[in-house]
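In this note's numbering, the protein residues as written are 726 to 1041.
Spelled out as structure tokens, the structure:
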């Protein structure tokens, strides 16, 4: 029996609603913001798209509307229930797991605690953050299209996903609606290596004070720890009297020369008549590109009353 497509409709608050909002914005349908809430404006934009595409303007995103809008296959209504049992049966095979470090904007793939791949990613913006915690891949889909790019892998029940993108310039920034975006060629490689049931660890990667202690976690290397805490492998080896770069889970390391990163601060403003992104960038000492990334804008048109996040540092 073929899988039933995920149908998106008014009142839903799952993450694919935010992806729908992103795709509508990408196609030129104005929305206030990407908030994962299927409300009046989202429904109106869907109806407008359907009417223009020759579909019945129901305001409901069914399988055919998805295919027309995204140019790919819709997500499935039921998340896969398989995978965990299969993973447990293969006890003699190498165990893969994914580790996402939000502060570094990196996705790391490990095989039996050995780092085998390291990819740059985009993560959730401050208003729709990527959730931290321990999860697993619970569904996979080929060619969802649009803002999903060429591959999609869900890792939460609300369908936060690891997926590709049709906006590669966003990689490395905190701009998504909670999902983890990758370059399409990278997500295709990852998709082929992992399965439903693969463990996904999402950590903030918060920096501890200089001179503080750190407990080594499975999959850690001195290189990754040095990168996370803005120090060097040599400094870590020196302060901990290490004669090699081999470390083990549970080991306590002193972090030398760690410098806490300056978090990006955001101002929330309401656009006034006459405002442009250029004038706002000048007023708040930032750039047009930084404002567009912070608000998931794909064009520089704004309107009075629109709510914008302004990156106070000027860099995203």
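Note that beta-carbon positions come from the ideal geometry of N, C-alpha and C, so glycine has one too.
Every value quoted in this text rests on a predicted model; they were computed, and no experiment measured them.
message: Rounded to the nearest angstrom, what separates residue 747 and residue 890 at their Cα positions?
response: In the chain shown, residue 747 corresponds to position 22, counting from 1. In the chain shown, residue 890 corresponds to position 165, counting from 1. Looking at the two C-alpha atoms, the distance is approximately 11 Å.
- prompt: In three-state DSSP terms, what is residue 850?
  reply: Translated into the one-based positions of the chain shown, residue 850 becomes position 125. Residue 850 falls in the coil class under three-state DSSP.
Nearest candidate by alpha-carbon position, reference residue 761, set 749, 739 and 753: Stepping through the chain shown from its first residue, residue 761 is reached at position 36. The shortest Cα separation from residue 761 among 749, 739 and 753 belongs to 739.
message: With a threshold of 6 Å on Cβ separation, who are the neighbours of residue 918 within its own chain once the five nearest residues in sequence on each side are excluded?
response: The residue given as residue 918 occupies position 193 in the chain shown. If we look at residue 918 and ignore the five residues flanking it on each side, it has no Cβ neighbours.
query: Excluding five sequence neighbours on each side, which residues of the same chain lie with their C-beta closer than 6 Å to the C-beta of residue 957?
result: Taking the first residue of the chain shown as position 1, residue 957 is located at position 232. For residue 957, where only same-chain residues beyond five positions count, the Cβ hits under 6 Å are 951.
query: beta strand (DSSP E) containing residue 839: first to last residue?
result: As a position in the chain shown, residue 839 is number 114, starting the count at 1. From DSSP, the beta strand (DSSP E) with residue 839 extends over 839 to 845.
message: Looking at the strands, I want to know which residues DSSP matches up with residue 888.
response: As a first step, residue 888 is located in the chain shown; it is residue number 163 there, counting from the start. 877 and 906.
- request: Figure out for me which residue from 877, 862 and 947 has the closest Cα to the Cα of residue 927.
  value: In the chain shown, the residue the question calls residue 927 occupies position 202. Taking only the C-alpha atoms, the option nearest residue 927 is 862.
task: Answer yes if the stretch 885 to 900 comes into contact with the stretch 848 to 857, meaning at least three C-beta pairs across the two stretches below 8 Å, and no otherwise.
output: yes
- request: Report the rounded CA-to-CA distance for residue 830 versus residue 745, giving the unit in angstroms.
  value: Position 105 of the chain shown, counting from 1, holds the residue named residue 830. Position 20 of the chain shown, counting from 1, holds the residue named residue 745. Going from the Cα of residue 830 to the Cα of residue 745 covers about 23 Å.
- prompt: Can you list, in chain order, the residues of its chain whose CB lies under 6 Å from that of residue 817, leaving out five sequence neighbours each side?
  reply: For the purposes of this step, residue 817 is taken as the residue at position 92 of the chain shown. Residue placement at residue 817 is flagged as unreliable, the pLDDT there being 45, under the threshold of 50; a coordinate-derived value is accordingly withheld.
- prompt: Do the stretch 728 to 735 and the stretch 777 to 786 touch if we need at least three Cβ pairs shorter than 8 Å?
  reply: yes
field: Where the alpha helix (DSSP H) containing residue 962 begins and where it ends
entry: Within the chain shown, residue 962 is the residue found at index 237, counting from 1. Start and end: 958 to 964.
query: With a CB to CB cut of under 7 Å and the five nearest residues on each side skipped, what residues in its chain are close to residue 810?
result: Here residue 810 corresponds to residue number 85 of the chain shown, with the count starting at 1. Unreliable placement is indicated for residue 810, whose pLDDT of 39 sits below 50; the coordinate value is still reported in the next sentence. So the list is empty, once near-sequence residues are dropped.
- prompt: What are the boundary residues of the beta strand (DSSP E) that includes residue 828?
  reply: For this step, residue 828 is matched to residue 103 along the chain shown. Boundaries cannot be given for residue 828, as no beta strand (DSSP E) includes it and DSSP labels it neither H nor E.
- request: Would you give the residue range spanned by the beta strand (DSSP E) that residue 861 belongs to?
  value: Here residue 861 refers to the residue found at position 136 of the chain shown. For residue 861, the uninterrupted beta strand (DSSP E) segment begins and ends at 858 to 861.
Contact set for residue 843: own chain, Cβ-Cβ below 7 Å, skip 5 residues either direction: The count along the chain shown starts at 1 and reaches residue 843 at position 118. Same-chain partners within the cutoff: 831 and 833.
- request: Could you tell me how far apart the beta carbons of residue 929 and residue 857 are, in whole angstroms, since I believe they sit closer than 8 Å?
  value: In the chain shown, residue 929 corresponds to position 204, counting from 1. In the chain shown, residue 857 corresponds to position 132, counting from 1. The Cβ separation is near 5 Å, so the contact holds.
task: Name the two residues that bound the continuous alpha helix (DSSP H) containing residue 820.
output: As a working note, residue 820 is residue 95 in the chain shown. Element bounds for residue 820: n/a, residue is neither H nor E.
task: On the DSSP bridge assignment, give the partners of residue 730 in chain order.
output: Here the question's residue 730 lines up with position 5 in the chain shown. Paired residues: 801.
message: Checking the sheet assignment: what are the DSSP bridge partners for residue 865?
response: Your numbering for residue 865 matches position 140 in the chain shown. Bridge partners of residue 865: 878.
- prompt: Measuring CA to CA, which of 905, 949 and 942 is closest to residue 854?
  reply: Start at 1 with the first residue of the chain shown, and residue 854 comes out as number 129. The residue with the shortest Cα to Cα distance from residue 854 is 905.
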